[in-house]
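Colleague: Numbering (this note's numbering), first residue to last: 345 to 476.
Take a look at this one; I'll ask things after.
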């Protein structure tokens, strides 16, 4: 599985890369610093999954996720965020992403979230409200 990491913080990208590289069947194919770069790299690199931060310069992760899923519906997007809200699950779904992960839970849930997406499912934290 090929994974693109999109986050404007180098330490976050590095930490996520370290976790993913422990899985020999997963390859980090690139790192993007903003949503615009993530969108461009998605077209060039054709990753299976993009781990996409919400708050990035130039273009937000939600805007980039919407564009990626519109033009390349086979690419799965996992939103990566520092903050959780009651409206976040619906916002993530509207952007076309397959779920989200709160950064503070990444050590515990990142592998599980990616396995869910890899298997064709979605991943929303247990605290996320269920769709109506």
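Built from N, CA and C at the ideal position, the CB exists for glycine as well.
#1: Counting Cβ pairs closer than 8 Å, one from the stretch 419-433 and one from the stretch 442-460, do we hit at least three?
#2: Contact between the stretch 354-370 and the stretch 380-391: three or more CB pairs below 8 Å?
#3: Quick one: give me the first and last residue of the beta strand (DSSP E) that residue 371 is part of.
#4: Give the DSSP-derived three-state secondary structure of residue 476 in the structure shown.
#5: Looking at the structure shown, is residue 352 part of a helix, part of a strand, or coil, going by DSSP?
#6: Apart from the five residues on each side of it in sequence, which residues of its chain come closer than 6 Å, Cβ to Cβ, to residue 417?
#7: Nearest CA to the CA of residue 359: which residue from 434, 403, 455?
#8: Per the contact definition of three or more C-beta pairs closer than 8 Å, is the stretch 425-441 in contact with the stretch 392-403?
#9: Give the straight-line distance between the Cα atoms of residue 432 and residue 457, rounded to the nearest whole angstrom.
Modeller: On the basis of the supplied data:
#1: Contact between the stretch 419-433 and the stretch 442-460 is present, because at least three Cβ pairs lie under 8 Å.
#2: Inter-segment contact for the stretch 354-370 and the stretch 380-391 is absent: fewer than three beta-carbon pairs are separated by less than 8 Å.
#3: Its beta strand (DSSP E) spans residues 371-376.
#4: Summary for residue 476: the model assigns pLDDT 45, below 50, so the residue's position carries little reliability; its value from the coordinates is reported in the next sentence. If DSSP states are grouped into helix, strand and coil, residue 476 belongs with coil.
#5: Residue 352 falls in the coil class under three-state DSSP.
#6: Excluding sequence positions up to five before and after residue 417, its CB lies less than 6 Å from no other CB in the same chain.
#7: The shortest C-alpha separation from residue 359 is found at 455.
#8: Touching, yes, given that three or more Cβ pairs across the two stretches are closer than 8 Å.
#9: When rounded, the distance between both Cα atoms is 16 Å.
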